[in-house]
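Here the protein sequences come in this chain order: A and B.
Each residue of the first sequence is one higher than the one before, starting from 1 at the first, in the UniProt record's numbering.
Each residue of the second sequence is one higher than the one before, starting from 1 at the first, in the UniProt record's numbering.
Think of the CB as a built atom: it goes at the ideal place given N, C-alpha and C, for glycine as much as any other residue.
First comes the structure, then the notes that go with it.
Protein chains: 2
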Amino acid sequence: MSKQDVVIQPIGGCCTPIMDAALDSAGAAEGAAVFKALSDPIRLRLMSIIASAGGEMCVCDITPQFDVSGPTISHHLKVLRESGLVDCERRGTWVYYWPLPERLTWLSTLLSVPTPAAV
Amino acid sequence: MSKQDVVIQPIGGCCTPIMDAALDSAGAAEGAAVFKALSDPIRLRLMSIIASAGGEMCVCDITPQFDVSGPTISHHLKVLRESGLVDCERRGTWVYYWPLPERLTWLSTLLSVPTPAAV
DNA sequence: GTCCTGTTTTGACATGCGTCTATCTTGACT
DNA sequence: AGTCAAGATAGACGCATGTCAAAACAGGAC
Chain A
1 MSKQDVVIQP
11 IGGCCTPIMD
21 AALDSAGAAE
31 GAAVFKALSD
41 PIRLRLMSII
51 ASAGGEMCVC
61 DITPQFDVSG
71 PTISHHLKVL
81 RESGLVDCER
91 RGTWVYYWPL
101 PERLTWLSTL
111 LSVPTPAAV
Chain B
1 MSKQDVVIQP
11 IGGCCTPIMD
21 AALDSAGAAE
31 GAAVFKALSD
41 PIRLRLMSII
51 ASAGGEMCVC
61 DITPQFDVSG
71 PTISHHLKVL
81 RESGLVDCER
91 RGTWVYYWPL
101 PERLTWLSTL
111 LSVPTPAAV
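As structure tokens, then:
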């Protein structure tokens, strides 16, 4: 219990849960763009694999886990990157991806539901 | 600060944050379907309007807030309904929508990031 | 019953998006 | 230089989706 005074930190310059205040058009467009990045099963699984890796992950270890072609994985990783959910770096032959937790925290806060005790 | 022992409740019979464990294909498909429902700006704003209403909301009070036709709003509300994010009931001439917070909590948990102290 | 209003459904259209193959880029190694 | 492998990009294809106008449906008022 308790949590009454837990303040969810305003990471990323945002934000208020949608149960507390309705989004305006601009906020909705911004949020929807990130949700769209997670709205594909392959991308959501990619995100979860990278996020749960506990650090960074080589593309060469990711691609074999999927049944689609390399370019398709590359395309999906690009979408995640352009949404600010992951970032990457080339080191030698290989490319490594890691999660950007700020964006996840932002979405999580947006969707958070106040606990009965917290109201 | 403090929050070290705050346990996010496993509402909806689910789930583990993606930073803790990668989703399998089935879990990713299930999650992606709900994110897809929120991946349209109009739908996300619809969701936020209904969720922040503090109860239920009449379609007749929702539609005027958007620049698209009535059938389009109806279509988007149907998508939200089929994703388990809202439910509705007709009372007389009007139809009322209200949020189903379990789905929001589920997504919020999925995207939640452990605080430094909580690790 | 008939009319009117609020909402949903239908059907059509244009655009968007996921996937592939083929090609290009980058870097390591001879 | 040349070659090889890992990823990214380009272009094409087909399916999914957001939108609207028109029609259908549900209730209330008359």
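To which residues does DSSP link B/W98 through a beta bridge? B/D87
What span of residues does the alpha helix (DSSP H) with B/D61 cover, start to end? V59 to I62
Can a CB atom of chain B be found closer than 8 Å to the CB of A/S69? no
For A/W94, count the other beta carbons within 10 Å of its own beta carbon; 16 or more makes it buried, fewer makes it exposed. Which is it? exposed
Just checking: is the beta-carbon of B/I49 within a distance shorter than 8 Å of some beta-carbon in chain A? yes
Taking the CB atoms as reference points, tell me whether A/S108 and B/L111 lie closer together than 8 Å. yes
Under 8 Å by Cβ, that's how I've got A/V34 and A/R103 pegged, so tell me the actual separation to the nearest angstrom. 6 Å
Please classify A/M19: is it buried, with 16 or more other beta-carbons within 10 angstroms of its beta-carbon, or exposed? buried
Please check if any C-beta of chain A sits within less than 8 Å of the C-beta of B/G84. no
Going by beta carbon distance, what residues of the same chain come within less than 8 Å of B/L85, once the five residues before and after it are set aside? V34, A37, L38, M47, P99, L100, R103 and L104
Does B/T105 get closer than 8 Å to chain A when you measure Cβ to Cβ? yes
Are there 16 or more other CB atoms within 10 angstroms of the CB of residue 123 of chain B, so buried, or fewer, so exposed? It is not possible to answer for residue 123 of chain B, since the shown part of chain B is limited to 1 through 119.
Cα-Cα separation, B/V79 to B/P71: 12 Å
Quick check on B/V113: buried or exposed, where buried means 16 or more other Cβ atoms within 10 Å of its Cβ? buried
Please confirm whether A/I73 has its beta-carbon closer than 8 Å to some beta-carbon of chain B. no
Under 8 Å, Cβ to Cβ, is there at least one residue of chain B near A/V79? no
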